[in-house]
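These notes are about the structure you will find just below.
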Amino acid sequence: MNDSTETLQQAPDIKQKETDNPDKTDFRQDYISFRNYNFFYGPTQVLFDVNLDIPERQVTALIGPSGCGKSTLLRNINRMNDLVDGIRHEGELLIDGTSAYDPTVEVISLRKRIGMVFQKSNPFAKSIYENVVYGLRVAGRKKKSSLDEAVETSLRRAALWDEVKDRLGESAFGLSGGQMQRLCIARAIANNPEIILMDEPCSALDPVATGKIEDLIHDLKKEYTIVIVTHNMQQAARVSDQTAFFYLGKLIEYDETEKIFMNPAQKQTEDYVRGRFG
Amino acid sequence: MENNASNKTRKSLAPKGEVWVWFTSLGLVLGLAMVLFLFGLILLRGFNFFWPVPVVQLELKEDSEAVFRGNTSFAGVIASTQERSLQEIAVEEEILLEEEEEVEADGILGQALQTISEYRVFVGSRDRYGQSFRYFRHNDILERSFPEDIIRAERRVEGDAFFFPQRIQFQDGSEVTREDANFEDELDRVVKEGRARRSQINRIDRREIGPINLEIRELTMDLRFLNRIERTEGDLSEAQEAQRERLTERIAQLNEQFELLRDKADELRETNQSIRVFYEYADGTSGQIAIGDLFRFYYPNRLGFFQRIQVAGIQFWEFVSGYPREANMSGGIFPAIFGTFVMTLIMSIAVTPFGVITAIYLREYAVQGPLVRAVRIAINNLAGVPSIVFGVFGLGFFVYIMGGTIDSLFFSQAQELGTPTFGTGGILWAGLTLALLNLPVVIVATEESISAVPRGVREGSLACGASKWQTIQRLVIPASLPGILTGMILAMARGAGEVAPLMLVGVVALAPNLPVDGTFPFVHLERKFMHLGFHIYDVGFQSPDSEAAIPTVFATTLILIALIVVLNLSAILLRNHIRKKHKGSAF
Ligand SMILES: Nc1ncnc2c1ncn2[C@@H]1O[C@H](COP(=O)(O)OP(=O)(O)OP(=O)(O)O)[C@@H](O)[C@H]1O
Ligand SMILES: [Mg+2]
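For the record, the sequence lines run as chains A and B. All you need for my numbering is the position in the first sequence, starting with 1, plus 1363. All you need for my numbering is the position in the second sequence, starting with 1, plus 86.
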């Protein structure tokens, strides 16, 4: 384990990173770090002693059978589970070296650094424009020109700009399912976060829309650390750099994606990725 | 073939449980039929009130019981035809028979099983006949006719009358008689002019004298207060002395203005009294009426269909825009419409924010547990408390405690002199009482719509870094607006029709002033007010001639229902507009 002050000094500043365009190895390997992490919904334990280091600016896929705790893990990262009554955790969760549950960390500023895309796209009952700038507005940004700029860059990054640039004022509910999901991605990146969490973002989409979002993930990882939950093995193989396999709340195996799919160390992992599970 | 098929379906009804479809739909049909019947009745009878019907002149046999002071001719509007057995009549007239020493009692009782049919006729002229309706037996009637020249006159007092105008006498004593060619035009003209003068008098009374009177009253109160101080303390300070002087001066000045205006009004009144119309009843008896007492008239037997519509329209307008006369027996119901409207508005303004805030707290912030559950049960039970209980509470809490406190803080002079301002029933307290009554409705509707906001929307908002309050404010409340409006609609429908609690907290049969008018500060929330529901009660059940009041009751009911429909419709349109904006948020 690293000394935390040291890692903090090592941690490069985001702006610096963008300009330097350095080698991957320059980034933190434990950008998000679960250490001996246990999690309980009331009396039931859902995560068991998880140790997981998620590297910066890479795509990490979480796979595993239904109910194994992937969403729970993901929702711990931006403390979305705080909403649930009777939750409890043990162990440590560090994000860029600071504990997410540190009393000095404000949950709102934490969430501003972490964008999230849900399984079911959840645009707000507002215009496309207002959907994208929602995070900026609640953060108190008012200047029209800066909002306009944020809308354009986020929608461009989410590969949606060309499709909606003439109807920004229209309701977001007029978009197709795939467009809505990309709008949600645009909304997540408009805040300029460091991390993007995706919980089965393509499960409700057709192959074409899925392909678009996968391309998008590819592009986004240049600037963001991405954690994605997926049930689709091919998707995990296509988009991710690292893959973590969970089973019954335990982290069974975690390695380079290629290794997990070609040459897994555990029998359970092999069975699962070969579709021989159950 | 067809028969066969239907047989099959009938057989399969029972096993499929479709018998219950019929059963339940029967319930629906029954309910609908009752509602439609009620609405149909109110619509029909309500509109009848405005519709000008022909006037019939009846010629009776000399020996008929209905003959009035030896006169056998009557003019009026047939209200209904009814069958009565002689026994019924005997029972009704028993007292009368005893007085006449049972002359023919045996004979009448002998015919007891026989029934007779008779007309119930609205003959008007309460001043002449004592009541507005008279009964004429069919076999007493010799002749029926529909005279062209008869007019139906709406009079200031004693209701409508039917008569033949004979001549007009002007101020200078000159006359125009019915033989003159311009008689009808002249009659038209003088009545119109009389009306113009009357509205001028009204304007002077309400708009010009009203505020002066109010000021005089207030100043007099201050003066009395000073006098009392002098009496109790024996002496006044110099400042008080000066104030008294100023007050006296101002009052004198106002009195002068008042007298000037009063003289002007009196002059107009004088003119209206000195022009008179002489007329004859159907039986030839003559009478006269001052132009100031003759509001409006028409020739009921001359009207074509479109003219009838026109007259009905005028009468409708007079009814909804006019002020009541003769203890609400005639005239319009505008103050009641206005009072109902303003009170409902006050109620909505009070109940909506309060209910919404409560619902948000209960649903979003309160820790769900036995306490919150108990609060919810209490709220639901509150909706079942009889409304009169709310009236009593409103009287005790709003009027006596809150009103009393306001009075002792801001209007202590008036209170000491025994004329409370807020410490007595008023439109504000009535609105708040009804708001309390409807609070559960709004809370429940709002809570329901808040909990219908999808979890994904909240999580999406929080994930963007919004705080809980920002989420509620920017997403939850807008999304539950339609539900909130539904609660408001229910509350308005219930509130506008509620009468019992209002009787304790400020409704009156006749209010001298509207709660909103042209005198400063324009909105007078402490004033007593009139209400359509209470008006129905007052006219229908408290008036001396309740039979004549029935049509008015129906017309008022029609207006009350129309008002509720209009209020609800506008709220529903607003809701649909909002829904359209949020369309699609459901999937
Ligand atoms: N709010 C909650 N309260 C109680 N138990 C919960 C709650 N949410 C999830 N669980 C339980 O926690 C376990 C893990 O759930 P989780 O949603 O993390 O699974 P998952 O791996 O995301 O499954 P899936 O692939 O089906 O989405 C499940 O057994 C689930 O029943
Ligand atoms: Mg899940």
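Ideal placement from N, C-alpha and C gives every residue a C-beta, glycine not left out.
For residue i, does the count of other Cβ atoms within 10 angstroms reach 16, so buried, or fall short, so exposed?
{"i": "B/H610", "result": "buried"}
{"i": "A/K1506", "result": "exposed"}
{"i": "B/T491", "result": "exposed"}
{"i": "B/Y447", "result": "exposed"}
{"i": "B/V121", "result": "exposed"}
{"i": "B/P607", "result": "exposed"}
{"i": "A/M1364", "result": "Note that A/M1364 scores a pLDDT of 38, beneath 50, so its modelled location is shaky; the value from the coordinates is reported in the next line. Exposed is the call here."}
{"i": "B/L457", "result": "exposed"}
{"i": "A/A1553", "result": "buried"}
{"i": "B/A325", "result": "exposed"}
{"i": "B/M429", "result": "buried"}
{"i": "B/F392", "result": "exposed"}
{"i": "B/A267", "result": "exposed"}
{"i": "B/D624", "result": "buried"}
{"i": "B/L118", "result": "exposed"}
{"i": "A/Y1400", "result": "buried"}
{"i": "A/K1475", "result": "buried"}
{"i": "B/I487", "result": "exposed"}
Would you tell me roughly how many angstroms separate the C-alpha atoms of residue i and residue j, rounded to the nearest one?
{"i": "A/D1562", "j": "B/G470", "result": "47 angstroms"}
{"i": "B/D379", "j": "B/H617", "result": "27 angstroms"}
{"i": "A/G1430", "j": "A/R1500", "result": "36 angstroms"}
{"i": "A/D1412", "j": "A/F1609", "result": "12 angstroms"}
{"i": "A/E1493", "j": "B/L649", "result": "39 angstroms"}
{"i": "B/D308", "j": "B/A436", "result": "34 angstroms"}
{"i": "A/I1417", "j": "A/S1396", "result": "6 angstroms"}
{"i": "A/P1385", "j": "A/R1420", "result": "Any reading at A/P1385 needs caution, since the residue's pLDDT is 44, under 50, leaving its predicted position unreliable; the model's value is listed next. When rounded, the distance between both Cα atoms is 11 angstroms."}
{"i": "A/I1450", "j": "B/A579", "result": "45 angstroms"}
{"i": "B/N358", "j": "B/R275", "result": "13 angstroms"}
{"i": "B/F269", "j": "B/T263", "result": "6 angstroms"}
{"i": "A/N1439", "j": "A/A1488", "result": "27 angstroms"}
{"i": "A/P1627", "j": "A/R1520", "result": "34 angstroms"}
{"i": "B/I377", "j": "B/S260", "result": "15 angstroms"}
{"i": "B/A672", "j": "B/P564", "result": "Unreliable placement is indicated for B/A672, whose pLDDT of 39 sits below 50; no coordinate value is reported for it."}
{"i": "A/A1607", "j": "A/F1481", "result": "19 angstroms"}
{"i": "B/N662", "j": "B/P568", "result": "8 angstroms"}
{"i": "B/Q255", "j": "B/A641", "result": "36 angstroms"}
{"i": "B/R348", "j": "B/E584", "result": "40 angstroms"}
{"i": "B/E331", "j": "B/F496", "result": "24 angstroms"}
{"i": "B/V363", "j": "B/P421", "result": "31 angstroms"}
{"i": "A/M1625", "j": "A/L1560", "result": "26 angstroms"}
{"i": "B/E327", "j": "B/E612", "result": "32 angstroms"}
Is any non-hydrogen atom of ligand 1 found closer than 8 angstroms to the C-beta of residue i, if you look at the structure I gave you?
{"i": "A/T1423", "result": "no"}
{"i": "A/K1483", "result": "no"}
{"i": "B/P76", "result": "The structure shown does not extend to residue 76 of chain B, since chain B is modelled only from 87 to 673, so the question has no answer here."}
{"i": "A/T1407", "result": "yes"}
{"i": "A/V1355", "result": "The structure shown does not extend to residue 1355 of chain A, since chain A is modelled only from 1364 through 1641, so no value can be given for it."}
{"i": "A/Y1404", "result": "yes"}
{"i": "A/G1612", "result": "yes"}
What does DSSP give as the partner residue(s) for residue i in the beta ladder?
{"i": "B/Y221", "result": "B/R206"}
{"i": "A/Y1404", "result": "A/T1407 and A/I1450"}
{"i": "B/R362", "result": "B/Q255 and B/A376"}
{"i": "A/I1591", "result": "A/A1424 and A/M1561"}
{"i": "A/S1490", "result": "A/S1534"}
{"i": "A/D1618", "result": "A/T1606"}
{"i": "A/M1479", "result": "A/L1560"}
{"i": "A/L1568", "result": "BP columns for A/L1568 are empty, so no partner."}
Shorter than 8 angstroms, the distance from the beta carbon of residue i to the closest heavy atom of ligand 2, or not?
{"i": "A/V1592", "result": "yes"}
{"i": "A/D1562", "result": "yes"}
{"i": "A/S1434", "result": "yes"}
Check whether the segment 329-344 of chain B and the segment 288-307 of chain B are in contact - that is, three or more C-beta pairs closer than 8 angstroms. yes
Cβ pair count under 8 angstroms reaching 3, the segment 560-579 of chain B against the segment 463-478 of chain B: no
At least three beta-carbon pairs within less than 8 angstroms, the segment 515-522 of chain B to the segment 619-632 of chain B: no
At least 3 beta-carbon pairs within less than 8 angstroms: the segment 529-541 of chain B vs the segment 1522-1540 of chain A: no
Could you check whether the segment 204-224 of chain B touches the segment 239-252 of chain B, counting it as contact only if at least three pairs of C-beta atoms, one from each stretch, sit closer than 8 angstroms? yes
Is the segment 588-606 of chain B touching the segment 397-408 of chain B in the sense that three or more CB pairs, one from each, lie closer than 8 angstroms? no
Are there three or more Cβ pairs, one per stretch, closer than 8 angstroms when the segment 585-597 of chain B is compared with the segment 1586-1597 of chain A? no
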